[in-house]
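Here is the structure we will look at.
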Amino acid sequence: MSDLRLVGGTVVCLDAARRILLNGEVGCSAGRIDYVGPARPEAAGSIVDCRGKALLPGLVNAHTHAAMTLLRSYADDMPLQPWLETRIWPVEAHLRPEDVYWGTQLAALEMVRAGVTCFHDMYWHAPEASRAGLEAGLRVAPSGVLIGLLPTSDAMLSEAIDFVDACLAAPHPRRHVRFGPHAPYTVPDAYLEKVIAAAAERHVPVHIHLAETAKEIHDSIAAHGEPTVRHMHRVGLFEVTTCAAHCVHLEPDELELLAAKQVGVLASHTSNLKLGCGIIALPDLLAAGAVVGLGTDGTASNNNLDILEEARLAALLHKGVRRDATLVTAWEALELATWRGAQAIGLPDLGRLTVGYRADLIAVDLSAPHLCPGTNVVSDLVYAAQASDVTDMYVGGAPVMRDRQILTLDQPAVLAKAREAAQRLIRLAAS
Ligand SMILES: [Zn+2]
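Numbering-wise (this note's numbering), the sequence shown opens with residue 1290 and increments by one.
The following block contains the structure:
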């Protein structure tokens, strides 16, 4: 019998058959799902009454920089390059490990409340981001950001390798370490080749930004005679598991290449809209069989960590832009936020309520007026639900939030520390 039993809810399995079970049950033991089916009458195990709620896999934030919560709403309404160069990087120059810790805990608070159980992160002081996420009870895929243009670049790579090796030597069931070369325009080919070699040797995926802006493509053609994705292929990036944020500007052959190489494409619609970068060809990527997930990007370019909102935007945006209401259905949007996103970050046993999958799941209260009359739970979740409807969260079978009470974090303390850290950083950047 299962250790933990979530009984009586509407179970949205997100499995291949797209099953929805009314009065269903999900059982978990040893961090994995061990039962999905009708509610069982036995009284054994720890039983959680989920009547009136939807049970679904935890949402996956496939691309973020969690600690950038400290820079939420700090620099808005600017294009990417001046935004990075004149606003973000000068603040980040003052980041201390403890800033990243509190920024990531703040992000964790927000993500737990929004039903995000797993975040694929790239940021400075990755060991602190990882620690903060694990202490919050979340599943973390951390990577230290690597820039190849600085005097300290070689030291950064050594540190990243040490962090990866330390993680591999002492595995944690909720930590999935990655390498994080920032982007082709900040990581020259020779440096990227070293990262690829380190990743290949350790069978560790690479998390990178690709083809985010038209300028990036223009510069790649000027420097290498080919656009970004084609160039990355020639450099050998796709010979290792690659998880690529953005992929907004793709030639048709590049789109096919990403699908053929099963590169994880981490669509970040809000960030791309806000920074004026463009709109990813999501319907074409899905039609080509690409592996796609949804990311918020950092809150400095979003400005929240709400994956349900990203799912809704993915479902709406392409319908409007292409004047085709059949594109990116509610089902597809919810899959992008769960199992497709998990696949896109290299975690194929996550994101479905299926026996043997990791026991990361959330409950959503269906009793609010905006979810009534409740005739189509998937449409309700994508088009009508709010992050605040999430009531419960379990990660690896362990409770993180019950009845909207977060069990792992001291919210007032985290908010106070995050405010203090943000104020210090902004003061230093201004001086
Ligand atoms: Zn990003």
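All residues carry an ideal CB built from backbone N, CA and C; glycine is no exception. What you are looking at is a predicted structure, and each value in this text was computed from that prediction instead of being measured.
Quick check: residue i and residue j, are their CB atoms within less than 7 Å of each other?
i, j, result
"V1315", "V1325", "yes"
"R1628", "R1641", "The amino acid occupying residue 1628 in the given sequence is Trp; Arg does not appear at that position. Yes, the pair counts as a contact, with Cβ atoms nearer than the cut-off."
"I1497", "A1533", "yes"
"G1422", "I1651", "no"
"A1500", "H1538", "yes"
"T1697", "G1426", "yes"
"V1689", "L1395", "no"
"K1706", "W1391", "yes"
"A1305", "I1634", "no"
"A1622", "V1671", "yes"
"P1368", "G1565", "yes"
"A1603", "A1577", "no"
Per DSSP, residue i forms a beta bridge with which residues?
i, result
"P1688", "Y1683"
"F1468", "V1495"
"K1342", "D1654"
"T1299", "A1343"
"E1314", "V1296 and G1326"
"S1794", "Nothing in the structure corresponds to residue 1794, since the chain is present only between 1290 and 1720."
"H1409", "A1430"
"N1350", "F1408"
"A1425", "Bridge partners of A1425: none, in fact."
Using a 10 Å radius around the Cβ and a threshold of 16 neighbouring Cβ atoms, would you call residue i buried or exposed?
i, result
"D1542", "exposed"
"D1613", "exposed"
"L1717", "exposed"
"E1378", "The question names Glu, but residue 1378 is Trp in the sequence shown. The residue is exposed, with fewer than 16 neighbouring Cβ atoms inside 10 Å."
"R1307", "exposed"
"T1615", "exposed"
"N1592", "buried"
"T1375", "exposed"
"H1354", "buried"
"E1528", "exposed"
"M1682", "buried"
"D1365", "exposed"
"G1297", "buried"
"S1291", "buried"
"S1362", "exposed"
"Q1632", "buried"
"C1661", "exposed"
"A1332", "exposed"
"S1419", "buried"
With a threshold of 6 Å, establish whether the CB of residue i neighbours any heavy atom of ligand 1.
i, result
"A1534", "yes"
"D1586", "yes"
Leaving aside the five residues before and after residue i along the sequence, list all residues of the same chain whose C-beta is less than 8 Å from its C-beta, in chain order.
i, result
"G1685", "G1320, R1428, P1462, R1463, R1647, A1648 and D1649"
"E1482", "V1524 and G1525"
I'd like the list of long-range same chain contacts for residue i, defined as Cβ closer than 6 Å, with 5 residues on each side in sequence excluded.
i, result
"A1626", "L1348, L1583, I1596 and A1600"
"T1531", "V1495 and V1552"
"P1473", "T1517"
How about residue i: is its C-beta nearer than 7 Å to some C-beta of chain C?
i, result
"D1669", "Here chain C cannot be found, since the structure has a single protein chain."
Report all residues from its chain with a CB closer than 7 Å to the CB of residue i; omit the five preceding and five following residues, and keep chain order.
i, result
"V1453", "V1466, F1468, R1491 and V1493"
"H1659", "A1673"
"A1511", "none"
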